[in-house]
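K.L.:
Attaching a single structure in structure tokens format; questions to follow.
Residue numbers (the numbering used here), protein chains in the order written: chain A, 36 to 254; chain B, 16 to 367.
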């Protein structure tokens, strides 16, 4: 009975995120904790699965960015309640990633959506924000020992900062993977810049990050 | 360059009048490239009408561009409604960007009022620029955003997109103000220069189908485009230039329902094939486009040349005419030889 109840609540949490219901998502998270259901399980089976579904709906052009934003609000309403209750040894952490929009570029909606998808998938995200000075990416990677650095740009002009960050990063530690994304980028340009990975959309970013992490040891 | 048989002005006049031109006109969408080209700081493209105009005019002469200097940027609306923008600086910025928005909360909308078109934000600079356009006999191209893009510059786009689903009435209030502002501004320009001389440019970068759905376009954008177009054409203005920026293939059936003048002008990004633009808009508008800015910036000259030749070939089928143009603003650091490739592709095309 308790098992069914837990499954049912997690399913409701999943649906609240997919249906963009922030209030329900927060309330269900409180109920889940109050009933002693494992927070980590609620996150992986409820929230991660929900954002995976949301990504699918976006890819299939049933959801668009406005819907993704409201789903992310519902996601964070739940994560804010559940995450502090996850025991460190149980956390399903995929890896660490430093994320930011490069210097000269104020457009961060794409980067924010990448953060949402990574957060939901269990990554530890160090978000530097937008218009980030190039050396800040290197410093933050050094500070956190993150596995991946992800760079975003919307403008063709700011895109030109990416090869410089990649060069600086590789000079310091050639083992750190760098992935890039943003409207003017293509896989060809990413490759010419020396990036290890490229994601066309926020939804693709998680799969690309996992791919980059695979050959490495999860820290 | 192959010698021209007509002047640039004659070529553009012929295109707008529906007559044959001696070759495909080349439209320069490259403010920052021009200022850098003549040794001015990038910011002067937007902050200094005199230098911006001179830089574009000189670069026009150098490369044989057909359309004259233009003046504007995509973040239009923030400053005019009471927010702040900053001019581009450093090595990686391209155009003015937001510093603070006039609207962050629902209550902020109550405090908004229609800007005075004679004094608000960028408009005095734009007026100074248009006086130079008039003085030099080039087209007076007042650049504005669409109602939706202006609304997205009045408040952060993430708020706007959320309100579209949660509080659509707030979005409509912003759209109504933006539409009234567009109409006010265009009427002011028409009063000063004469309606027949003014070709408003309406840029629409925020309606990208990677972001919003065609249904959202139909609900939030189309009615305001139709309203502003009708009012603009009602002043006696003959042509409206729409820049349909980015991935908007799914919106094209709606764009075809917008009046643009006779003919209108529609520029499209590399995400929209010229043939597709002609199919939806070719009967009512001159089609311009669609050379990818990132290819201009990073591509080899031959790649740029081939893209341009293909675009010109496709553009031949446009019943109201075609202009070769970058799909969005040409990056300031574009290799100059790639710009020459655009002109060379025109010279090498046996179009007319």
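Cβ coordinates follow ideal geometry from the N, Cα and C atoms, glycine included.
1. Listed in chain order, which residues of the segment 296 to 321 of chain B have Cβ atoms closer than 7 Å to some Cβ of chain A?
2. Drop a sphere of 10 angstroms on the beta-carbon of residue 134 of chain B, count the other beta-carbons inside from all chains shown, and report buried for 16 or more, exposed for fewer.
3. Straight-line CA distance for residue 178 of chain A to residue 337 of chain B?
4. Within this structure, are the beta carbons of residue 255 of chain B and residue 265 of chain B separated by less than 9 Å?
5. Taking C-beta pairs closer than 8 Å, name the residues in chain B that residue 259 of chain A reaches, listed in chain order.
6. Taking residue 281 of chain B as part of the beta strand (DSSP E), name the residues at either end of that continuous run.
7. Ordered along the chain, which non-local residues of its own chain (more than five positions away) have a Cβ less than 6 Å from that of residue 160 of chain B?
8. Check the Cβ-Cβ distances between residue 175 of chain A and every residue of chain B, and say whether any is below 9 Å.
9. Determine which residues of the segment 180 to 210 of chain A have a Cβ less than 7 Å from any Cβ of chain B, and write them out in chain order.
10. With 8 Å as the C-beta to C-beta threshold (strictly closer), list the residues of the segment 211 to 224 of chain A near chain B in chain order.
11. Could you confirm whether any beta carbon from chain A is found closer than 9 Å to the beta carbon of residue 362 of chain B?
12. Would you please verify whether the beta carbon of residue 155 of chain B is less than 9 Å from any beta carbon of chain A?
13. Tell me the rounded alpha-carbon separation between residue 76 of chain A and residue 43 of chain B.
14. Looking at chain B, which residues of the segment 97 to 125 of chain A have a Cβ within less than 8 Å of any of its Cβ atoms?
15. Quick check on DSSP: helix, strand or coil for residue 364 of chain B?
16. If the cut is a Cβ gap below 9 Å, which residues of chain B does residue 160 of chain A touch?
17. Any beta carbon from chain A within less than 9 Å of residue 103 of chain B's own beta carbon?
18. Smallest Cα separation from residue 166 of chain B: which of B:157, B:222, B:216, B:153?
19. Below 7 Å CB to CB, which residues in the same chain sit around residue 109 of chain A once its five sequence neighbours on both sides are set aside?
20. Do you know how far the Cα of residue 118 of chain A is from the Cα of residue 253 of chain A?
21. Okay, do the segment 340 to 355 of chain B and the segment 294 to 314 of chain B touch, 3+ Cβ pairs below 8 Å being the bar?
22. Expressed to the nearest angstrom, what Euclidean distance is found between the alpha-carbon atoms of residue 226 of chain B and residue 292 of chain B?
23. Between the alpha carbons of residue 19 of chain B and residue 165 of chain A, how many angstroms are there, rounded?
24. Determine, using beta carbons only, whether residue 137 of chain A comes closer than 9 Å to chain B.
25. Quickly, what does DSSP pair residue 337 of chain B with across the bridge? List them, please.
26. Confirm, please, whether the CB-CB distance from residue 196 of chain A to residue 149 of chain A is below 9 Å.
27. Within its chain, find whatever has a CB closer than 8 Å to the CB of residue 200 of chain A; leave out the 5 residues flanking it on each side and keep chain order.
28. Any residues in the segment 167 to 183 of chain B with a beta carbon nearer than 8 Å to a beta carbon of chain A? Which ones, in chain order?
29. Count Cβ pairs between the segment 232 to 249 of chain A and the segment 146 to 160 of chain A that sit closer than 8 Å; are there 3 or more?
30. Output yes or no for whether 9 Å exceeds the beta carbon distance between residue 208 of chain B and residue 149 of chain B.
P.N.:
Judging by the given coordinates:
1. 308, 309, 312, 313
2. exposed
3. The straight-line gap from Cα to Cα measures roughly 54 Å.
4. no
5. It is not possible to answer for residue 259 of chain A, since the shown part of chain A is limited to 36 through 254.
6. That run of the beta strand (DSSP E) goes 279 to 283.
7. 91, 92, 218
8. no
9. 190, 191, 192, 193, 195, 196
10. 218, 219, 220, 221, 224
11. no
12. Output row for residue 155 of chain B: interface = no.
13. 57 Å
14. 99, 100, 101, 102, 104, 105, 108
15. coil
16. Residues of chain B with a Cβ closer than 9 Å to the Cβ of residue 160 of chain A do not exist, since the nearest Cβ in that chain sits about 17 Å away.
17. yes
18. B:222
19. 51, 52, 55, 56, 57, 60
20. Any reading at residue 253 of chain A is ruled out, since the residue's pLDDT is 43, under 50, leaving its predicted position unreliable.
21. yes
22. When rounded, the separation of the alpha-carbon atoms in residue 226 of chain B and residue 292 of chain B is 20 Å.
23. 47 Å
24. yes
25. B:302
26. Going by C-beta atoms, residue 149 of chain A is not nearer than 9 Å to residue 196 of chain A.
27. Correct list, in chain order: 137, 169, 172, 173, 184, 186, 213.
28. 172, 173, 176, 177, 179, 180, 181
29. yes
30. yes
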